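Going by our numbering, the letters in the sequence shown line up with residues 24 to 416, in that order.
Just so it is clear, CB atoms sit at the ideal spot from N, CA and C, and this is done for glycine as well.
These figures come from a predicted structure and were not determined experimentally.
Below is one structure, written out as structure tokens, with a few remarks after it.
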Amino acid sequence: MKALTWQGKRKLSVETVPDPTLQQDTDAIIEVTSTGICGSDLHLYEVLGPFMTEGDVIGHEPMGRVVEAGSASGLTVGDRVVVPFTISCGSCWMCQRGLFSQCETTQVKDFGSGAQLFGYSKLYGSVPGAQAQFLRVPHADFGPVKVGEELPDHRYLFLSDVLPTAWQAVAYADVKEGETLAVYGLGPIGQMCARIGRHLGARVFGIDPVVERRNMAARHGIEVFDGGEDTADEIRDATQGRGPDAVVDAVGMEAHGSPVGKFAHDVAGLLPDAIAEPFMQNAGVDRLAALHSSIDLVRRGGTISLSGVYGGTASPMPLLTMFDKQIQLRMGQCNVRSWIDDLLPLVEDSADPLGLNDFVTHRMPLSQAPEAYDMFQEKEDGCVKVVLDPTAG
Ligand SMILES: NC(=O)c1ccc[n+]([C@@H]2O[C@H](COP(=O)([O-])OP(=O)(O)OC[C@H]3O[C@@H](n4cnc5c(N)ncnc54)[C@H](O)[C@@H]3O)[C@@H](O)[C@H]2O)c1
Ligand SMILES: [Zn+2]
Ligand SMILES: [Zn+2]
């Protein structure tokens, strides 16, 4: 089959690799019909390079059709399914508590990481990813979400990651009807955090330097800001001087405007892997601009929810301010399956309350994946969300 492979820093190529096969009776193989490119994939592209191996198949936002079903998978050939990006057993101590991204059956203990993820480096189990024609789905008796036949892929696909991630971010932000929410970053995750905040009745401020992303958010009732010098004061003015009740950081470790962290990333990128890997594990520093802005902006006693991924182990944090402002901070990889029951009715609602018909800016064949990554990273051509189609020529 054809699959997108990691070949080195900023170097991806579509290669022919062996077709996946069933390995456990709880496995299934799906033929992928749509597969998203995520902001998290961009971390592999550069920052997390030291944990990648040449030839790794990447990608973790797939849907498709079951072509082979293990005897205990609970699936049938022909089922149309969306596959969560986290791999969870559904029955261990953590899974019983809904902490599916901490699954004790699939935790990657060698690296001290949580549950395995598709296509996400040694840190998350080196599981072959989903930007490919076919995907082996472990624990298919628990993970995949069976969906109907009526709606096009783009209505269901984002149940794999973007929608539950954004839903969890807003749930953790604990914002109530009539309250205020600021969202840093209007990439795919931030767009959906902001829309979900509106859907739940909050007043939402969205912040991103990229104009097309602000315009998209504005179409969905979000008040937008470019993150310039005046942004924080303008949002404080709109909230009786206090700042919003909650802030979601949907930017993560590659924020613009963090010179120290950027330097550390560049240095790690230049080192040979044997040195870079311990460097990232012991002295990795994130680009913290969005997180520090969130701490500054949130009102006293408010909540910050991080959905942006951070990877540093020695990132400096303004604990004096955090303590003095009595900030509550929640974060973590998404427990995808916990939120599907809330989301499925919304994605199937003919009124399209989350605006999924205005989200995907580019649908491209898998063969053009390397160009698609460059476009998404550089935010060219109005790119907000790219979906790859492995069934297209
Ligand atoms: N927690 C999870 O389970 C989970 C799941 C998926 C993605 N993520 C993470 O969420 C983050 C966002 O993902 P995405 O797909 O939306 O990616 P993205 O890279 O497209 O979005 C990031 C956005 O932040 C903006 N930005 C950069 N610096 C900023 C700043 N200082 N202030 C305001 N905006 C700024 C960028 O212009 C961009 O639009 C990534 O870190 C990704 O890894 C987390
Ligand atoms: Zn993703
Ligand atoms: Zn489990």
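Secondary structure of LYS408 (DSSP, three-state): coil.
The three-state reading of DSSP puts HIS177 in helix, counting H, G and I together.
In the three-state DSSP reduction, ASP319 falls in the helix class (H, G or I).
Our two residues, GLY201 and ILE350, have alpha carbons roughly 20 Å apart in a direct line. Residues lining ligand 2 by the Cβ criterion, that is a Cβ closer than 6 Å to any of its heavy atoms, are CYS61, SER63, HIS83, GLU84, PHE108 and ASP184 in chain order. The C-beta separation of VAL89 from LEU158 comes to about 10 Å, leaving the pair out of contact by the 8 Å criterion. When rounded, the separation of the alpha-carbon atoms in MET398 and GLY405 is 9 Å. With 16 or more other Cβ atoms from the protein chains shown falling within 10 Å of its own Cβ, SER317 counts as buried. Under the criterion of beta carbons closer than 8 Å, GLY266 and VAL321 qualify as touching, at roughly 5 Å. When rounded, the separation of the alpha-carbon atoms in GLY82 and PHE141 is 7 Å. When secondary structure is reduced to three states using DSSP, ALA155 falls in the strand class. When the five nearest sequence neighbours on each side are left out, the beta carbons in the same chain lying within less than 6 Å of the beta carbon of VAL274 are those of TYR207, GLY208, ALA313 and GLY331, in order along the chain. With fewer than 16 other Cβ atoms from the protein chains shown falling within 10 Å of its own Cβ, TRP116 counts as exposed. DSSP places SER330 outside both helix and strand once states are collapsed to three, so it counts as coil. Per the DSSP secondary-structure output, TYR207 pairs in a beta bridge with ILE230 and ASP272. When Cβ pairs closer than 8 Å are counted between the two stretches, the region 132 to 149 is seen to touch the region 64 to 82, the count reaching three or more.
Residue pairing by DSSP places ARG103 opposite ARG88 in a beta bridge. With the rule of 3 Cβ pairs closer than 8 Å, the region 382 to 399 counts as touching the region 33 to 46. Beta-bridge partners of VAL168 (DSSP): VAL105. Closest in alpha carbon position to GLN119, among ASP102, GLY97, PHE165 and GLY101, is PHE165. Sorting ILE230, THR336, LEU186 and LEU343 by C-alpha distance to the C-alpha of GLY59 places LEU186 at the top. SER136 and CYS357 have their C-alpha atoms some 14 Å from each other. Taking 6 Å as the cut-off, one finds at least one heavy atom of ligand 1 near enough to the beta carbon of ARG236. LEU98 and ASP50 have their C-alpha atoms roughly 9 Å apart. Remark: the shortest separation between the CB of THR44 and any heavy atom of ligand 3 does not fall under 6 Å. In the DSSP assignment, ILE363 falls outside any beta strand (DSSP E) and within the unbroken alpha helix (DSSP H) covering 363 to 371.
In the structure shown, the three-state DSSP call for ALA261 is coil. The C-alpha of VAL370 is placed about 25 Å away from the C-alpha of VAL247. Short of 7 Å from the beta carbon of VAL55, and not among the five residues preceding or following it, lie these beta carbons of its own chain, in chain order: PRO85, GLY87, ALA153, ALA155, GLN156, PHE157, LEU158 and PRO413.
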